[in-house]
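Taking the UniProt record's numbering, the leading residue of the sequence shown gets 1, the next gets one more, and so forth. Glycine included, C-beta positions come from ideal geometry on N, C-alpha and C. Take a look at the structure below.
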Amino acid sequence: MVAAESGDVDFAYECRNWLGKAEETFKPSFPTTAREFREHNALKIVVLGSSTTEGAGPDSNDGSYPAALAQELQDALPTYKVVVVNKGIGGQTAYDMLQRLDEDVLEERPTLLIWDTVVMDMLVNTGRDRLARVLRKGIEQAKAAGIDVALMDLPWFPRQERYPHYQQYRSMLLSLAQRMNVPIIPRYELMKAMALSGDFALPEFAGPDMLRLTEKHNQCLAVLISNGLLKNNH
1 MVAAESGDVD FAYECRNWLG KAEETFKPSF PTTAREFREH NALKIVVLGS STTEGAGPDS
61 NDGSYPAALA QELQDALPTY KVVVVNKGIG GQTAYDMLQR LDEDVLEERP TLLIWDTVVM
121 DMLVNTGRDR LARVLRKGIE QAKAAGIDVA LMDLPWFPRQ ERYPHYQQYR SMLLSLAQRM
181 NVPIIPRYEL MKAMALSGDF ALPEFAGPDM LRLTEKHNQC LAVLISNGLL KNNH
């Protein structure tokens, strides 16, 4: 099991103290992934995103949540072939990611795409209708290729009034996911539970600017994804 920091003993086990509501609501159904488990003892995930996916913030060589997820899944499935491909590029909007969908996702032929976006669009105020069209197109293309899709919820921020469009963009994301029958990975609920637990000073898990997620958060997010994936599709 990967520790979140030097000196931590099985931090992934401790994460279960904060999963709570997030884990209760994340019960995804991924038919392609379930079939790959059943028929080939294999799993390939592509994680498409910007800096929070790429790994901005973690203080080890690769403390990103895709790396933590790969380790978490491989530990749980030691006889399976598990591949998690990190396609995060810092500073990108959803439209930027859509432009590389063919090369970075479809050509990889994963069983599951995790799309972590919206934050940059919220910050530059792309426009919710335009963003919804971009997300819809990307989801449709992935599904047409036989790839399961999950969307990542936005991070939880204290003092969200600093981001005047935050709630509108998050509401758009959740509504679109429901209409398109795409599971949402409840990062918001996880981060909120970690923050309100009193176990952390906020920079310990979300970075000093709240946009750079640290290893403590990334390890717990990996546990959340792994648990939901395995309990409901394996």
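Three-way DSSP call (helix, strand, coil) for residue i in this model
i	result
residue 134	helix
residue 156	coil
residue 176	helix
residue 42	strand
residue 227	helix
residue 145	coil
residue 101	helix
residue 86	strand
residue 192	helix
residue 20	helix
residue 216	helix
Beta-carbon spacing of residue i, residue j below 8 angstroms
i	j	result
residue 138	residue 88	no
residue 86	residue 67	yes
residue 153	residue 114	no
residue 120	residue 155	no
residue 36	residue 111	yes
Cβ shell of residue i (< 8 angstroms), same chain only, five flanking positions each side left out
i	result
residue 167	160
residue 90	50, 51, 54, 56
Per-residue burial, residue i [other beta carbons within 10 Å of its own, 16 or more giving buried]
i	result
residue 171	exposed
residue 107	exposed
residue 23	buried
residue 9	Low local confidence applies: a pLDDT of 42 at residue 9 is under 50, so the model's placement there is unreliable, and no value is given.
residue 64	buried
residue 217	buried
residue 178	exposed
residue 144	exposed
residue 105	buried
Neighbourhood of residue i by C-beta distance below 6 angstroms, restricted to the same chain and skipping five residues each side
i	result
residue 21	189
residue 26	186, 228
residue 222	65, 68, 69, 72
residue 208	Legend: pLDDT at residue 208 = 49, less than 50; position of this residue unreliable, value from coordinates given subsequently. So the list is empty, once near-sequence residues are dropped.
Cβ-based neighbour list, residue i, same chain, cut-off 7 angstroms, excluding 5 preceding and 5 following
i	result
residue 122	163, 165, 166, 169
residue 58	Note that residue 58 scores 45 on pLDDT, short of 50, meaning its location in the model is unreliable and no value can be drawn from it.
residue 126	93
- Task: Quick one: which unbroken alpha helix (DSSP H) runs of 4-plus residues sit fully inside the stretch 103 to 128? Chain order, please.
- Result: 119 to 124
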